[in-house]
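Trainee: Chains as they are written, first to last, in this note's numbering: chain A, 44 to 153; chain B, 3 to 117.
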Amino acid sequence: TQLLEQSPQFLSIQEGENLTVYCNSSSVFSSLQWYRQEPGEGPVLLVTVVTGGEVKKLKRLTFQFGDARKDSSLHITAAQPGDTGLYLCAGGTGANNLFFGTGTRLTVIP
Amino acid sequence: EPEVTQTPSHQVTQMGQEVILRCVPISNHLYFYWYRQILGQKVEFLVSFYNNEISEKSEIFDDQFSVERPDGSNFTLKIRSTKLEDSAMYFCASSRAREVNNEQFFGPGTRLTVL
């Protein structure tokens with residue numbers, strides 16, 4: 044079973060600050076997805092990265108896939124209260140299932 | 003925008019009873035999945051389904067579980083004899099194809115409570 048560890052587990056910051064969330068594994072993944080999950084709802088896909096070293100930007104969110112395709116990071120610039128939520132990374136192996144990370148719960152304080 | 007739907011949103015059942023959780027995947031998607039999330043824990047893969055058969059399943063997906071695509075739109079997860087530890091959120095997901103980027107779109111989930 045591939046394990047994806049996310050850090051930090053919890054993060055509480057002030058509005059306007061920058062932050063980075065990490066997703067690390069000892070396994071190689073063919074793709075890496077980032078999801079955001081609200082309480083009582085399903086994960087919502089934010090982005091998919093597939094190439095080692097790939098960087099994707101989604102407004103204030105920047106996602107990077109590690110060169111070796113074992114790790115990924117999510118950087119948020121000028122965080123806003125609307126960014127509050129649970130951020131999940133999930134690795135795909137080319138088979139049909141995703142391995143989800145442990146999650147980072149972000150709270151942005153106005 | 004197309005989305006995955008699930009019914010019911012909340013199911014309460016007695017231990018030992020059978021439950022069927024229903025999902026309508028996105029219409030042009032070909033791969034379907036079930037995941038579960040026990041409260042406070044991470045999302046775990048249960049099973050994937052393609053071309054009317056299971057393509058992969060996890061250790062969690064034992065003989066008590068089954069999946070079916072009874073018609074052209076629905077995808078169901080059946081638990082034959084529920085146990086207390088089956089209490090969890092169950093998410094259905096679908097993807098357009100078995101592509102390397104493996105993008106899966108999730109439904110809102112069914113919260114199963116086994117008493």
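A virtual CB, placed ideally from N, CA and C, is assigned to each residue, including glycine.
Going by Cα to Cα distance, which pick from A/Gly95, A/Leu46 and A/Val64 is closest to glycine 128 of chain A?
Mentor: Of the listed residues, the one whose Cα sits closest to glycine 128 of chain A is A/Val64.
Trainee: Would you say lysine 44 of chain B reaches chain A, if we count a Cβ-Cβ gap shorter than 8 Å as a contact?
Mentor: It does: the Cβ of lysine 44 of chain B has a partner Cβ on chain A nearer than 8 Å.
Trainee: Interface residues of chain B around glycine 59 of chain A at Cβ under 8 Å?
Mentor: Those do not exist, as glycine 59 of chain A stays about 30 Å from chain B at its closest Cβ, beyond 8 Å.
Trainee: Would you check if there are 3 or more beta carbon pairs closer than 8 Å linking the stretch 53-66 of chain B to the stretch 104-123 of chain A?
Mentor: Result no; under three Cβ-Cβ pairs closer than 8 Å.
Trainee: Considering only residues of the stretch 102-135 of chain A, which uninterrupted alpha helix (DSSP H) runs meet the minimum length of 4 residues and lie entirely inside it, listed in chain order?
Mentor: Those alpha helix (DSSP H) runs which fall completely within the stretch 102-135 of chain A and span 4+ residues do not exist here.
Trainee: Are alanine 74 of chain A and glutamine 45 of chain A closer than 8 Å when you measure CB to CB?
Mentor: Contrary to the premise, residue 74 of chain A reads as serine rather than alanine in this sequence. No, Cβ-Cβ distance for serine 74 of chain A and glutamine 45 of chain A is not below 8 Å.
Trainee: Taking Cβ to Cβ, would you say glutamine 39 of chain B is nearer than 8 Å to cysteine 94 of chain B?
Mentor: Going by C-beta atoms, glutamine 39 of chain B is not nearer than 8 Å to cysteine 94 of chain B.
Trainee: Does the pairing of the stretch 130-141 of chain A with the stretch 34-50 of chain B give three or more beta-carbon distances under 8 Å?
Mentor: Segments in contact, yes.
Trainee: Looking at the unbroken beta strand (DSSP E) that takes in leucine 79 of chain B, where does it start and where does it end?
Mentor: Its beta strand (DSSP E) spans residues 77-81.
Trainee: Does the separation of the CB atoms of glycine 146 of chain A and glycine 109 of chain B fall below 8 Å?
Mentor: Taking 8 Å as the Cβ cut-off, glycine 146 of chain A and glycine 109 of chain B do not qualify as a contacting pair.
Trainee: CB-CB under 7 Å to glycine 111 of chain B, same chain, minus the five flanking residues each way: which ones, in chain order?
Mentor: So the qualifying residues of the chain are Gln8, Met91, Tyr92 and Phe93.
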